[in-house]
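Participant: Here the sequence shown is numbered in our numbering, starting from 1 and rising by one per residue. Backbone N, C-alpha and C define an ideal beta-carbon position, used for all residues, glycine too.
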Amino acid sequence: MSSPIEINSIYPPDRLVIPGLYVKDLKGVLVPEGLIKDRVSKLAEEISSKHYPNDLLAVCVLDGAMRFFVDLLYNEHMLAPVTEVETLKAKSYEGKESTGKISISGFDFSKVKDKRVILVEDILDTGTTLDKVTKEILVHNPKCLEVACLLDKPSRRVTPVNVDYCGFVIPNEFVVGFGLDFNGNYRGLKHICVLKEEVYRTEKK
Ligand code: IMP
Ligand code: MG
């Protein structure tokens with residue numbers, strides 16, 4: 001598997017196309033749309049070369065990973081047959097802070113028995129969410145379990161987690177866009193952007 005791409009610079013928001021409504025709230029663009037697209041294709045290719053022609057069960061961790069999930073699994077480079085798709089809801093964040101308590105709902109874990117499972121997550125932060133979800137899946141005896149995660153913020157890690165396919169390693173910034181939100185907002189941004197601190201400090205949770 002290829003190493004994730006390390007992102008260290010932020011592009012000023014006036015240099016790329018961002019809907020005017022959002023520009024004032026953003027510190028800048030961390031991962032532009034084109035780079036996300038290419039990297040997601042690469043991950044699709046890697047998953048395919050490992051698993052083709054075996055069937056996969058793909059599980060999306062809602063809500064944030066929905067966009068990544070769709071682009072990864074319905075990618076032109078995804079040749080492994082993803083014969084089953086499932087979703088689960090994991091909630092840990094209130095506003096900008098992880099509560100540390102994870103609630104998981106909406107998934108019948110017994111479905112993973114004897115399947116090749118790919119768990120798809122948007123961002124690995126403290127690690128608490130993926131730790132809890134992967135342990136719960138493993139209890140139900142899948143044939144194998146791999147994790148695909150678009151972003152990793154290693155500086156925030158509390159619980160170590162193994163990720164098999166990772167898109168980008170990013171600095172400790174709160175990011176939005178490409179499905180990631182802050183209190184339900186900014187999901188529709190095409191680029192992965194850094195939210196200004198004053199936005200999450202002043203907005204009511
Ligand atoms: P963890 O349990 O602390 O690893 O947090 C994982 C979850 O927190 C992710 O699935 C996201 O939903 C959310 N999260 C963590 N960092 C960010 C961020 O920078 N922007 C938006 N959501 C985030
Ligand atoms: Mg998530």
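Evaluate E197 with the Cβ neighbour count: other Cβ atoms within 10 Å of its Cβ, from every protein chain shown; 16 or more gives buried, anything less gives exposed.
Facilitator: Its Cβ having fewer than 16 others within 10 Å, E197 is exposed.
Participant: Which same chain residues end up closer than 6 angstroms to V75 when comparing Cβ atoms and leaving out the 5 residues on each side of it in sequence?
Facilitator: The question names Val, but residue 75 is Asn in the sequence shown. Hits under 6 angstroms: S41, A44.
Participant: Go through its chain and collect everything with a Cβ distance to C144's Cβ below 8 angstroms, but skip five positions before and after it.
Facilitator: Excluding positions up to five away in sequence, the list reads R116, V117.
Participant: Below 7 angstroms CB to CB, which residues in the same chain sit around R156 once its five sequence neighbours on both sides are set aside?
Facilitator: Within the same chain, R156 has close Cβ partners D125, T126, N172.
Participant: Going straight from the alpha carbon of P19 to that of V70, what length do you get?
Facilitator: Taking the straight line from one Cα to the other gives about 23 angstroms.
Participant: What is the DSSP secondary structure of E146, counted as helix, strand or coil?
Facilitator: In the structure shown, E146 sits in a strand (DSSP, three-state: E or B).
Participant: Is any heavy atom in the ligand IMP found nearer than 7 angstroms to the beta carbon of V174?
Facilitator: The residue asked about is misnamed: residue 174 is Phe in this sequence, not Val. Yes - the ligand IMP has a heavy atom lying nearer than 7 angstroms to the Cβ of F174.
Participant: Quick one, what's near the ligand MG if you take every residue whose CB is closer than 7 angstroms to any heavy atom, in chain order?
Facilitator: Result: V61, G64, A65, A90, E121, D122, I123, T129.
Participant: Tell me the residue span of the alpha helix (DSSP H) that contains V40.
Facilitator: Element bounds for V40: 33-51.
Participant: Pairing CB atoms from the stretch 18-32 with CB atoms from the stretch 45-53, are three or more of them under 8 angstroms?
Facilitator: Because the criterion of three Cβ pairs below 8 angstroms is not met, the stretch 18-32 and the stretch 45-53 do not touch.
Participant: Going by alpha carbons, who is nearest to C149 out of L119, D131, G177?
Facilitator: Per the Cα distances, L119.
Participant: If distances are taken between C-alpha atoms only, which option among T202, V176, Y200, D181 comes closest to C193?
Facilitator: Out of T202, V176, Y200, D181, V176 has the C-alpha closest to the C-alpha of C193.
Participant: Any contact between the stretch 130-140 and the stretch 164-171? By contact I mean 3 or more CB pairs, one from each, below 8 angstroms.
Facilitator: The answer is no - the stretch 164-171 does not touch the stretch 130-140, with fewer than three Cβ pairs under 8 angstroms.
Participant: Using beta-carbon positions only, say whether L195 and L26 come within less than 8 angstroms of one another.
Facilitator: Their beta carbons are under 8 angstroms apart, which means L195 touches L26 by this criterion.
Participant: Sorted by chain position, which residues of the same chain lie with C-beta nearer than 8 angstroms to E86's C-beta, five sequence neighbours on each side aside?
Facilitator: Closer than 8 angstroms at Cβ, skipping near neighbours: L57, A58, V59, C60, F107, K111.
Participant: Please state the DSSP three-state secondary structure of L189.
Facilitator: Coil.
Participant: Along the chain, where does the alpha helix (DSSP H) that runs through V23 open and close?
Facilitator: Its alpha helix (DSSP H) spans residues 20-23.
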